[in-house]
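Okay, so here's the structure we're looking at.
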């Protein structure tokens, strides 16, 4: 697929990573000193319904609006292309790699001896896809969505696998963002953004209200230029 779309030849070799890539959220950009550091692996983490995916979508919208090509590795096909488009993501600039749609119940099962390990299979496919896309070059943002992966499966990923991902983007203009419930990997120059949010409702009564957005607290951990161990910023995300 990458060869057919001629995306593999966009960056023939490694080039020094320069600058930062906007998150699409001015408050977070300010906290990060300008945005996500290029050539590094960063993370967006938080519980379900915290606003973590909205933070990623804001980054994709900002990147694709500028004309960058993005990739979304959708491990178990939970992504919402229509919702992303409504939030400003130019889908024509997104390579959406959709995995096998497994239910949360199936993902949580530990296989018995001799049974196929579907959770392991979809996770390995996603990691391999992220590595291939990163090696291909030419992508401003590469999102690896691991939100539905159980902790026991992520703990089984060898450190060498994460290291290969780090090296695949090192020295490139790409930003690799891992989306999940808890931190699993971050390169030395990357950052982890922990998201904790609550819904914001609008309406005259409980029966006549709608979701207007999310009020999120974003805590930045591991910023290499920060003098503080972590820093928090409040962000209002649209519905």
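In my numbering, the protein residues as written are 7 to 245.
C-beta atoms are modelled at their ideal positions from N, C-alpha and C, and glycine is treated no differently.
Here's a check: name, in chain order, each residue in its chain whose Cβ is nearer than 8 Å to the Cβ of residue i, leaving out the five neighbours to either side.
i           : result
residue 163 : 129, 133, 190
Give a yes or no on whether the C-beta atoms belonging to residue i and residue j are separated by under 8 Å.
i           : j           : result
residue 219 : residue 206 : yes
residue 181 : residue 199 : no
residue 150 : residue 184 : yes
residue 66  : residue 100 : yes
residue 110 : residue 154 : yes
residue 197 : residue 140 : no
Evaluate residue i with the Cβ neighbour count: other Cβ atoms within 10 Å of its Cβ, from every protein chain shown; 16 or more gives buried, anything less gives exposed.
i           : result
residue 222 : buried
residue 135 : buried
residue 95  : buried
residue 169 : exposed
residue 49  : buried
residue 76  : buried
residue 30  : buried
residue 37  : buried
residue 58  : buried
Sort the options by Cα distance to residue i and report the nearest one.
i           : options           : result
residue 145 : 46, 193, 158      : 46
residue 69  : 52, 83, 41        : 41
residue 239 : 188, 89, 61, 77   : 61
residue 107 : 127, 185, 63, 201 : 127
residue 52  : 152, 148, 124     : 152
residue 178 : 32, 29, 43        : 43
residue 241 : 203, 210, 228     : 203
residue 138 : 114, 103, 124     : 103
Using a Cβ-Cβ cut-off of 6 Å (strictly less than) and excluding sequence neighbours within five positions of residue i, which residues of its own chain qualify?
i           : result
residue 165 : none
Less than 7 Å between C-beta atoms, sequence neighbours within five positions excluded: which residues of the same chain meet that for residue i?
i           : result
residue 71  : 94, 96
residue 208 : 215, 216, 218
residue 172 : 47, 193
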